[in-house]
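**Student:** Have a look at this one.
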Amino acid sequence: MRAAFSLWRGLGGLALAALAIGSAAAQSAPPAGAPPGAAIPPPPFLQSSPGLTGALSKIARLGAVTLGYREASVPFSFLDRAGRPIGYSMDICAAIVEEIGRTLGRDDLKVAYEKVTSETRLQAVADGKVDLECGSTTANAERAKIVSFSPMIFVAGAKVMVARTTPWADFRSLKGKTVAATSGTTTVAALKKLDERFGLGVKLVEAPDHEQAYQLLVDGKVDGVANDDVLLAGLIAQHKSGDRFKVAGELLSYDPYGIAYAHADRPMREAIERAFRTLAKSNEIDFIYDKWFKRPLPNGEAFRIPMSPQLEEAFRTFETEIEHQSE
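For my numbering, count along the sequence shown from 1 and bump the result up by 9.
Written as structure tokens, this is what we have:
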């Protein structure tokens with residue numbers, strides 16, 4: 010995250026925010042020359058900008074943005090050795106936070122972190138626990154009924170990770186296999202649909218998170234792990250045991266990722282779109298992508314995944330919008 014932000018962790022950060030609010034309010038005083046009993050104005054950071062609604066109104070009032078993070082969605086959102094959330098999605102969210110600060114005319118916004126999982130992430134956004142969900146979340150029509158999504162940040166697709174010695178041709182190789190997948194992911198739905206359509210007899214084991222699904226494969230309790238291809242590559246890169254496995258076969262689904270935020274929150278949507286335009290204009294989005302997909306990760310491993318044509322086109326669209334606006 011950028012040095013301009015004070016980085017908080019979880020509820021501890023929100024507690025500090027509450028203390029700061031109480032302290033500043035206690036120090037407020039009536040304007041000089043005001044008659045006795047005059048109302049005490051709230052401190053500046055409690056004064057929401059006129060016309061603000063939704064999450065930005067809350068952020069202006071509290072002076073903090075809460076980011077939902079994942080523990081093991083490498084390289085999108087995961088913990089470094091010091092236990093701090095890092096990753097591609099986290100860096101994009103940092104850029105959005107900067108834009109929110111510009112929108113509110115503030116350079117003192119705090120960042121709080123809230124851990125989410127595949128099963129809790131969307132509800133955390135819908136309930137207002139997190140302002141931005143910065144993970145590896147597929148944007149689709151069903152989920153768009155609950156939350157809204159930023160422009161696309163990545164394009165993935167589900168595949169299966171199996172032992173290197175396992176023969177694998179295509180999706181029919183799933184027939185009769187026991188496969189683990191993370192609960193609450195689009196991969197679970199894709200596998201069930203594929204199994205129902207082709208009568209593959211897949212035995213699906215749902216794991217609470219990506220790490221536990223991977224461990225089932227390591228322990229020999231399942232024949233494979235199904236997940237988005239890039240997340241499977243992340244698991245292989247992250248673990249010493251990863252060289253025992255391969256990501257096999259064709260794509261089982263199409264999964265465009267986005268940053269989730271409160272449903273139909275127009276001020277937040279506009280701030281996010283401005284942030285994306287800034288990232289495109291400065292080419293910082295290319296730097297962020299290269300940082301997480303082409304260069305070595307903190308553990309020394311590297312994905313070396315070039316940007317997909319679909320993602321290049323999406324980012325180019327923002328550059329075109331900027332050019333048209335400047336004409």
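We put the beta carbon where it would ideally sit given N, CA and C, even for glycine.
All figures in this text were calculated on a predicted structure; none of them were measured in a lab.
1) Which runs of the beta strand (DSSP E), 3 residues or longer, sit entirely within the region 227-303?
2) Any contact between the region 136-151 and the region 73-83? By contact I mean 3 or more CB pairs, one from each, below 8 Å.
3) Just checking, does the region 98-106 make contact with the region 273-288 on the three C-beta pairs under 8 Å criterion?
4) Give me, in chain order, the residues of the same chain whose beta-carbon lies closer than 6 Å to that of Asn236; leave out the 5 immediate sequence neighbours on both sides.
5) Apart from the five residues just before and just after Ala135, which ones in its own chain have a Cβ nearer than 8 Å to its Cβ?
6) Quick check on the DSSP output: the beta strand (DSSP E) that includes Val169 runs from which residue to which?
7) So what does DSSP say about Ile95, is it helix, strand or coil?
8) Just grab the DSSP bridge partners of Glu142 for me.
9) How is Thr112 classed by DSSP in three states: helix, strand or coil?
10) Whole angstroms are fine: how far does the CA of Tyr266 sit from the CA of Trp177?
11) Spell out a yes or no on whether the region 183-193 and the region 231-246 are touching, meaning 3 or more CB-CB pairs, one atom from each, closer than 8 Å.
12) Return the CA-CA distance between Ala153 and Leu306, expressed in angstroms with no decimal places.
13) For Phe180, list the residues DSSP reports as bridge partners.
14) Quick check on this structure: which residue in Glu259, Pro276, Arg325 and Met316 has the alpha carbon closest to the alpha carbon of Arg181?
15) Leu306 lies in the beta strand (DSSP E); which residues open and close that run?
16) Find the nearest neighbour of Arg313 within the set Asp299, Val171 and Glu279, judged by alpha-carbon distance.
17) Sorted by chain position, which residues of the same chain lie with C-beta nearer than 8 Å to Ala323's C-beta, five sequence neighbours on each side aside?
18) I want to know whether the region 105-121 touches the region 276-286 - three or more CB-CB distances under 8 Å.
19) For Val214, which residues in the same chain have their Cβ closer than 6 Å to its Cβ, ignoring the five residues on either side in sequence?
20) Whole angstroms are fine: how far does the CA of Leu241 sit from the CA of Val227?
21) Identify every residue that forms a DSSP beta bridge with Val156.
22) So, using beta-carbon positions, are Leu261 and Ala167 closer together than 8 Å?
23) By the DSSP assignment, the beta strand (DSSP E) with Phe87 in it spans what residues?
24) Quick check: the Cα distance between Leu320 and Asp117, rounded to an integer number of angstroms?
25) When burial is assigned at 16 or more other CB atoms within 10 Å of the CB, is Gly208 buried or exposed?
**Tutor:** So, from the data block:
1) Entirely contained in the region 227-303, the beta strand (DSSP E) runs reaching 3 residues are, in chain order, 233-237, 254-257, 264-266 and 269-271.
2) The region 136-151 makes contact with the region 73-83, as at least three CB pairs between them are under 8 Å.
3) A contact exists between the region 98-106 and the region 273-288.
4) Numbered from its first residue, the sequence shown carries residue 236 at position 227. Its chain contains Thr196 as the residues whose beta carbon lies nearer than 6 Å to that of Asn236, once the 5 sequence neighbours on both sides are disregarded; these appear in chain order.
5) Counting from 1 along the sequence shown, the entry for residue 135 is found at position 126. The answer, listed in chain order, is Ile155, Val156, Ala271 and His272.
6) Position 160 of the sequence shown holds residue 169. Run containing Val169: Ala167 to Ala172, per the beta strand (DSSP E) assignment.
7) Your numbering for residue 95 matches position 86 in the sequence shown. In the structure shown, Ile95 falls within a strand segment according to DSSP collapsed to helix, strand and coil.
8) If you number the sequence shown from 1, residue 142 lands on position 133. According to DSSP, which records beta bridges pairwise, Glu142 is partnered with Gly77 and Ala269.
9) Along the sequence shown, one-based indexing puts residue 112 at 103. The answer is helix: DSSP assigns Thr112 an H, G or I state.
10) The residue given as residue 177 occupies position 168 in the sequence shown. The residue given as residue 266 occupies position 257 in the sequence shown. Looking at the backbone, the Cα of Trp177 and that of Tyr266 are separated by about 27 Å.
11) Here the region 183-193 lies against the region 231-246, with 3 or more beta-carbon pairs under 8 Å apart.
12) Locating residue 153 in the sequence shown gives position 144, where the first residue counts as 1. Locating residue 306 in the sequence shown gives position 297, where the first residue counts as 1. For Ala153 and Leu306, the gap between their C-alpha atoms comes out near 32 Å.
13) Here residue 180 corresponds to residue number 171 of the sequence shown, with the count starting at 1. Beta-bridge pairing links Phe180 to no other residue.
14) Working through the sequence shown from its first residue, we reach residue 181 at position 172. Looking at the Cα atoms, Glu259 is the closest of the given residues.
15) Numbered from 1 along the sequence shown, position 297 holds the residue referred to as residue 306. DSSP places Leu306 outside any beta strand (DSSP E), giving it a letter other than H or E.
16) Counted from its first residue, the sequence shown places residue 313 at position 304. Arg313 has its Cα closest to that of Asp299, out of Asp299, Val171 and Glu279.
17) Stepping through the sequence shown from its first residue, residue 323 is reached at position 314. In its chain, beyond the 5 residues on either side, Pro160 and Met161 have a beta carbon closer than 8 Å to the beta carbon of Ala323.
18) By the criterion of at least three beta-carbon pairs nearer than 8 Å, the region 105-121 is in contact with the region 276-286.
19) As a first step, residue 214 must be located in the sequence shown, where it is residue number 205. Cβ neighbours of Val214 beyond the five flanking positions: Ala189 and Val231.
20) Counting from 1 along the sequence shown, the entry for residue 227 is found at position 218. Counting from 1 along the sequence shown, the entry for residue 241 is found at position 232. Cα to Cα, the separation comes out at about 13 Å.
21) Looking up residue 156 in the sequence shown gives position 147. DSSP lists Ala271 as partners of Val156.
22) Looking up residue 261 in the sequence shown gives position 252. Looking up residue 167 in the sequence shown gives position 158. In this structure, Ala167 lies closer than 8 Å to Leu261 by Cβ.
23) To locate residue 87, count along the sequence shown from 1; it is residue 78. Taken as a continuous stretch (DSSP letters only), the beta strand (DSSP E) holding Phe87 covers Ser86 to Leu88.
24) The count along the sequence shown starts at 1 and reaches residue 320 at position 311. The count along the sequence shown starts at 1 and reaches residue 117 at position 108. When rounded, the distance between both Cα atoms is 32 Å.
25) Residue numbering aside, residue 208 sits at position 199 when the sequence shown is read from its first letter. Around the beta carbon of Gly208, fewer than 16 other beta carbons sit within 10 angstroms, so the residue counts as exposed.
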